[in-house]
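Report on the following structure.
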Amino acid sequence: MDIKAIGRARIEGKIKLLSGLHIGAGKDTIEIGGIDNPVVKHPHTQEPYIPGSSLKGRLRFILEWAFDCVRTDGQPWGFNTGDPRQSFTPDDPILRIFGSPAKREQWGGGPTRLIVRDAFLDRGWLEDVLARGLPLTEDKTEVLIDRIAGKAHDRVGPRQTERVPAGAVFDLAMVFRLYDTGDGGRRDRECLRWLLAGLSLLEQDALGGSGSRGYGRVTFEDLTVVDENGAVHEIGAAFRVNRFDPQTAPAIAGLP
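So this is what it looks like as structure tokens:
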């Protein structure tokens, strides 16, 4: 398949936390009275941020379910099993958007379209919090419930999880590569609209860990798409969908 680069679209906006967010950093040492589960922070500023890999991975997870292409072995869609008979269609939206771990001869759709930047704290929100002398994270204490007594288990002490608090705002920045694969870029533009609808699904799900316990509820605000010609498209709430259709890309006002 012949592939020709058309350009790049930029997706920009804000990620606002509606509940505490925990994206773990891991911990090499144990400290008495310390945090059991710290959040990932910038190594120089010690400010929490959302890694691009976490956001991209969660979007891929959600969209694989939406497109009904979750593998029974738990591997990512497109993972190379070593079976030479396995192949994927070049117009596969998951592999176009997020990339393919399959060998090139098993999928000929070209490079990964989506690039997700690390999301750092919005400077206005950060300066306001620091000016008021407030911390950038919170410690949430959790306990194990004794199923018989109905109270905190006596033998298992409380654990503390660090979270970025509700109300925090991060800068969202993604790049979407557009290619002409013999269709003038039509399929890639459809994939871009599906990706934006995926942000709506993420609002209904959770980002980071412990989403089933209330963590990681987010909303996307002030979304804009700057197309390959530099035109700015104000998306507003048009990316939100009531029903995700894996057969037809959603119509989003202002986008081709």
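Numbering follows the UniProt record's numbering, in which position 12 of the sequence shown is assigned residue number 12; successive positions increment by one, without gaps.
Ideal Cβ placement from N, Cα and C applies to all residues, glycine included.
As the structure is a prediction and not an experimental result, all values here were calculated from the model.
With DSSP collapsed to three states, give me the class of residue i.
i           : result
Leu18       : coil
Arg243      : coil
Ile62       : helix
Lys4        : strand
Gly13       : strand
residue 259 : What the structure shows of the chain is the stretch from 1 to 256, and residue 259 is not part of that stretch, so it cannot be assessed.
Gly78       : coil
Arg186      : helix
Arg193      : helix
Gly24       : strand
Is the beta carbon of residue i less than 7 Å from the beta carbon of residue j?
i      : j      : result
Lys16  : Val232 : no
Arg163 : Glu138 : yes
Ala166 : Ser19  : yes
Gly184 : Leu178 : no
Asn37  : Gly57  : no
Val241 : Ala197 : yes
Ile62  : Leu201 : yes
Asp122 : Asp171 : yes
Val220 : Leu199 : The sequence shown places Phe at residue 220, rather than the Val named in the question. Yes. Within cutoff.
Ile11  : Val225 : yes
Tyr215 : Asp118 : no
Gln228 : Ala66  : It should be noted that the sequence gives Glu, not Gln, for residue 228. No.
Gly211 : His22  : no
Lys41  : Asp222 : no
Leu55  : Val116 : yes
Glu190 : Ala249 : yes
Leu114 : Phe98  : yes
So if DSSP puts residue i in a beta bridge, which residue, or which two residues, is it bridged to?
i      : result
Lys140 : Thr161
Pro48  : Lys41
Asp68  : Paired residue(s): none; Asp68 is not in a bridge.
Leu178 : Gly7
Ala168 : Paired residue(s): none; Ala168 is not in a bridge.
If residue i sits next to residue j, beta carbons under 8 Å apart, how far is it from one beta carbon to the other, in whole angstroms?
i      : j      : result
Arg60  : Asp188 : With 8 Å as the limit, Arg60 and Asp188 do not qualify as a contact, their Cβ atoms being about 17 Å apart.
Gly110 : Ile3   : 5 Å
Gly108 : Pro90  : 5 Å
Gln160 : Thr141 : 5 Å
Does the CB of residue i have a neighbour CB from chain C at under 7 Å?
i      : result
Leu201 : Of the protein chains in this structure there is only one, and it is not chain C.
Quick one: which unbroken alpha helix (DSSP H) runs of 4-plus residues sit fully inside the region 91 to 135? Chain order, please.
93 to 98, 123 to 131
Contiguous beta strand (DSSP E) assignments of at least 3 residues, all confined to the region 197 to 256
218 to 226, 232 to 234
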